[in-house]
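Q: To start, I am sharing the structure in question, which I have written as structure tokens.
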Amino acid sequence: MKTTKTHDMVKDSYARMIKGAQQQSAAGTSSPVASLAENYGTPAHGEAADASFGCGNPLAFSGVKPGDTVLDLGSGAGLDLLIAAEKVGPSGRVIGVDMTEEMIAAARRNADGSQHDNIHLQLGVIEDLPLDDASVDWVISNCVINLSPQKDRVFSEMYRVLKPGGQFSISDIVLDTLPDALRKSAAAWSACIAGAITEQEYIQGLRDAGLVDVAVTERLVYDAGQLRAILAEEIPGLDLKGIDITGLLEKHPGVAWSAKFTGRKENA
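Heads up, the sequence shown is in my numbering, so the first residue is -4 and it goes up one at a time.
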């Protein structure tokens, strides 16, 4: 699949973000986005956690079991891959797909430094997954599908690669409304905000792809401090000066929240 300008913008931004997060980790600090992981009970996994840009923990309380094959869409530095590897055990398989070479390199380093040898990484875009049909038991994703300008293709690809009866658990940001100035911000795109859709549009997109039992099982509405962290205000390379987050929330309370979407592909 040919990438779009949005793909290239996000890829460049995340390359800078992972570099900045690694520098902060080396200095003994964490990125503001990584610190949000505490809200979700995300376990510590060293550099993978310090370089996490997710908005939830899609594997928390999920039914992933030993022997399953788990696919992580936009696997980043590998935090959710490590959590999944613990759940599926040595008889299972975990696959991470990411379009940013720097993220793949970081995830590979973190996987190599763990006790797990069942983590496989592939460079690719989530709109055109490099996987066979009906090949995975679970699809997970953590604040990544927002970044896609073609979410319908992502949802269709999820359906294609899931086995009959396979399930998904996705943490992502949804919103109610957003000023045009913020939607047009490159930094906001990279922070999963400008590309966000409404919760109902998200649910409908999953259903239109053929997925069933679609539900939202968790929500966390962001306050101003959390929204600033999600927008990566303090991550090197991303400039959000001039965007009044507090004023935005005063005018549009509850404008953005993290939602956990679950569902499955029907049995054959």
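Ideal Cβ placement from N, Cα and C applies to all residues, glycine included.
Under the rule that 16 or more other beta-carbon atoms within 10 Å means buried, what is Y64, buried or exposed?
A: Taking the first residue of the sequence shown as 1, we reach residue 64 at position 69. At residue 64 the sequence reads Thr, which differs from the Tyr that was named. Per the 10 Å Cβ criterion, buried.
Q: Could you tell me the distance, in whole angstroms, from the CA atom of E261 to the CA atom of S130?
A: By 1-based counting over the sequence shown, the position of residue 261 is 266. By 1-based counting over the sequence shown, the position of residue 130 is 135. In a straight line, the C-alpha of E261 is about 14 Å away from that of S130.
Q: For the candidate residues S70, N105, S151 and S86, whose alpha-carbon lies nearest to that of Q117?
A: Taking the first residue of the sequence shown as position 1, residue 117 is located at position 122. Among S70, N105, S151 and S86, the Cα nearest to that of Q117 is on S70.
Q: Ordered along the chain, which non-local residues of its own chain (more than five positions away) have a Cβ less than 6 Å from that of L126?
A: Mapped onto the sequence shown, residue 126 falls at position 131. These residues qualify, in order along the chain: V156.
Q: Taking DSSP's pairing of strands, which residues face G87 in a bridge?
A: Here residue 87 refers to the residue found at position 92 when the sequence shown is read from its first residue. None; G87 has no bridge partner.
Q: Can you pull the DSSP bridge partners for S213?
A: Residue numbering aside, residue 213 sits at position 218 when the sequence shown is read from its first letter. For the record, residue 213 in the displayed sequence is Glu; it is not Ser. BP columns for E213 point to K255.
Q: How is Q162 classed by DSSP in three states: helix, strand or coil?
A: The residue you call residue 162 lines up with position 167 of the sequence shown. The answer is strand: DSSP assigns Q162 an E or B state.
Q: Using beta-carbon positions only, say whether V209 and I198 come within less than 8 Å of one another.
A: Numbered from its first residue, the sequence shown carries residue 209 at position 214. Numbered from its first residue, the sequence shown carries residue 198 at position 203. Going by C-beta atoms, V209 is nearer than 8 Å to I198.
Q: So which of K158, V89, R259 and I99 has the shortest CA-CA distance to S206?
A: For the purposes of this step, residue 206 is taken as residue 211 along the sequence shown, with counting starting at 1. Sequence inspection shows Leu at residue 206; the Ser mentioned does not correspond to that position. The residue from K158, V89, R259 and I99 with its alpha-carbon nearest to that of L206 is R259.
Q: Taking the alpha-carbon positions, what's the D352 to E196 distance?
A: Summary: the structure shown does not reach residue 352, with the chain confined to residues -4 through 263, and so no result is reported for it.
Q: Could you check where the beta strand (DSSP E) with D203 kicks off and where it finishes?
A: Residue 203 sits at position 208 when you count from the first residue of the sequence shown. Note, D203: premise wrong, no beta strand (DSSP E); alpha helix (DSSP H) at E194 to D203.
Q: I'd like the span of the alpha helix (DSSP H) that includes D107, first residue to last.
A: Against the sequence shown, residue 107 aligns to sequence position 112. Element bounds for D107: E96 to D107.
Q: For N137, which residues does DSSP report across the bridge?
A: Taking the first residue of the sequence shown as 1, we reach residue 137 at position 142. Answer is S166.
Q: By DSSP, does I78 sit in helix, in strand, or in coil?
A: By 1-based counting over the sequence shown, the position of residue 78 is 83. The answer is helix: DSSP assigns I78 an H, G or I state.
Q: What span of residues does the alpha helix (DSSP H) with D147 cover, start to end?
A: Here residue 147 refers to the residue found at position 152 when the sequence shown is read from its first residue. Taken as a continuous stretch (DSSP letters only), the alpha helix (DSSP H) holding D147 covers K146 to V156.
Q: If you draw a straight line from the C-alpha of K158 to the C-alpha of I90, how long is it?
A: Translated into positions along the sequence shown, residue 158 becomes position 163. Translated into positions along the sequence shown, residue 90 becomes position 95. Their backbone Cα atoms lie some 15 Å apart in a straight line.
Q: Closer than 7 Å: is that where the CB of V134 sits relative to any heavy atom of the ligand GTP?
A: With respect to small molecules bound, the structure shown includes none, and the ligand GTP cannot be examined in it.
Q: Taking Cβ to Cβ, would you say I135 is nearer than 8 Å to V92?
A: To locate residue 135, count along the sequence shown from 1; it is residue 140. To locate residue 92, count along the sequence shown from 1; it is residue 97. The answer is no: Cβ separation not under 8 Å.
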